[in-house]
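Down below is the structure, laid out as structure tokens.
Numbering (our numbering), first residue to last: 99 to 469.
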């Protein structure tokens, strides 16, 4: 590796670390970090804190002040060149007198892709990319999926016994996995826009679906219930819990109007989703949620919903927690229910897998292979 490449990667890693500090807080925008470097020294740092706030490049330029003139700006995503919630970053970069811009990757947003870099080149700024593109794309996998598909990034979370059960034959499911695994799930809830469950999970477990981190920190995601016949009780904890997060119940046109009015009076937002078949059509539901700027969903159960999402090709990533228990029972609910795939070649297959041990639990992470 040549010296300049090594230097560029060093500063880009710092920009990526800055960007990651806002994980779960920038939706529907990407996480973006930036550093301004002059004479081999960082003179400005910044990252995008939340949607509507200044972008990472602008924060870093402001931090650098007059030292930005003639400097190199490192940024984890191509600078924007359009007016959104904030003015274009390209204008600020040009005005600051930056000599060179190093970007980790192009912005997948068609409003920007390639255009921001070209504007900088036209202004006489030297541009280099990609640098650590794989790491940058992994950081913003949610944004990339959302901006290219117009639907949320879906992370399927399963907590099961070694034989694939998510509850006993009597419905007992607290707690299959250990405390360390459960803490990770709450950290995930803190980072996603929404958590989604099926009506059977609500009726069986009466979950809160809130974020409970040590010390009381964290942000509650939107709670989404897939409920074909509007059987969600008005006294369910997802409706009565004290939280600023809303509860959305997705249903079908066949659901009783009286139940809809009752649930809305109880504080729920009811979304009627049109589609074929008796159940809530998941692909149109995801399109609705994408239009609402929901960029990420943690899918938490149960087995029927898991199966439907996998069969619809909507799951992007899987976190599968395995506890060292063998529950058994033909009637005990499985992690993946439904009719199943008829042929092995049709089965959802994971790639880019990682395995972690969490005390006596195992966590298997992987991405659903496309095509």
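Every residue gets a Cβ at the ideal spot worked out from N, C-alpha and C, and that includes glycine.
Paired residues, beta bridge with residue i - DSSP
{"i": "residue 449", "result": "465"}
{"i": "residue 506", "result": "Residue 506 lies beyond the residue range present for the chain, which begins at 99 and ends at 469; the question has no answer from this structure."}
{"i": "residue 454", "result": "461"}
{"i": "residue 349", "result": "370"}
{"i": "residue 107", "result": "The partner list for residue 107 (beta bridge, DSSP) is empty, contrary to what the question assumes."}
{"i": "residue 231", "result": "The partner list for residue 231 (beta bridge, DSSP) is empty, contrary to what the question assumes."}
{"i": "residue 125", "result": "DSSP output for residue 125 lists no bridge partner at all."}
{"i": "residue 224", "result": "198"}
{"i": "residue 132", "result": "144, 173"}
Nearest residue (CA-CA) to residue i, options the options
{"i": "residue 272", "options": "332, 456, 349, 425", "result": "425"}
{"i": "residue 106", "options": "225, 127, 128", "result": "225"}
{"i": "residue 231", "options": "254, 201, 427, 211", "result": "201"}
{"i": "residue 257", "options": "240, 331, 278", "result": "278"}
{"i": "residue 391", "options": "357, 287, 128", "result": "128"}
{"i": "residue 446", "options": "254, 156, 382, 148", "result": "254"}
{"i": "residue 329", "options": "311, 383, 320, 354", "result": "354"}
{"i": "residue 443", "options": "415, 409, 416", "result": "409"}
{"i": "residue 396", "options": "302, 288, 356", "result": "288"}
{"i": "residue 173", "options": "164, 113, 205", "result": "113"}
Cβ-Cβ distance between residue i and residue j below 8 Å
{"i": "residue 215", "j": "residue 176", "result": "yes"}
{"i": "residue 259", "j": "residue 423", "result": "yes"}
{"i": "residue 308", "j": "residue 341", "result": "yes"}
{"i": "residue 196", "j": "residue 234", "result": "no"}
{"i": "residue 145", "j": "residue 131", "result": "yes"}
{"i": "residue 349", "j": "residue 325", "result": "yes"}
{"i": "residue 450", "j": "residue 464", "result": "yes"}
{"i": "residue 250", "j": "residue 387", "result": "yes"}
{"i": "residue 217", "j": "residue 179", "result": "yes"}
{"i": "residue 168", "j": "residue 158", "result": "no"}
Cutoff 8 Å: residue i Cβ touching any chain C Cβ
{"i": "residue 260", "result": "The question asks about chain C, but that chain is absent: this structure has only one protein chain."}
Any non-hydrogen atom of the ligand GDP closer than 7 Å to residue i Cβ
{"i": "residue 307", "result": "This structure simply doesn't include the ligand GDP, nor any ligand for that matter."}
Original post:
Which residue spans inside the stretch 371-449 form an unbroken alpha helix (DSSP H) run of at least 4?
Top reply: Secondary structure in the stretch 371-449: the alpha helix (DSSP H) runs of 4 residues or longer, each lying completely within the stretch, are 380-389, 401-409 in chain order.
**OP:** Any chance you could list the alpha helix (DSSP H) runs of at least 4 consecutive residues sitting entirely within the stretch 134-214, in chain order?
**Re:** If we require 4 residues or more, the alpha helix (DSSP H) runs fully inside the stretch 134-214 come out as 154-162, 187-194.
Original post:
In the stretch 248-303, which residue ranges form an unbroken alpha helix (DSSP H) of at least 4 residues, counting only runs that do not cross its ends?
Top reply: With a minimum length of 4 residues, the continuous alpha helix (DSSP H) runs that stay inside the stretch 248-303 are 277-289, 297-303.
**OP:** Decide yes or no for the touch test of the stretch 433-446 against the stretch 281-293: beta carbon pairs closer than 8 Å, at least 3 of them.
**Re:** At 8 Å Cβ cutoff, the stretches do not touch.
**OP:** For the stretch 388-405 and the stretch 297-317, state whether three or more C-beta atom pairs, one from each stretch, are separated by less than 8 Å.
**Re:** Contact holds: three or more Cβ-Cβ distances are below 8 Å.
**OP:** Count the C-beta pairs between the stretch 412-419 and the stretch 358-367 that are closer than 8 Å, then say yes if the count reaches three, no if not.
**Re:** Judged by Cβ distances under 8 Å, the stretch 412-419 makes no contact with the stretch 358-367, as fewer than three pairs qualify.
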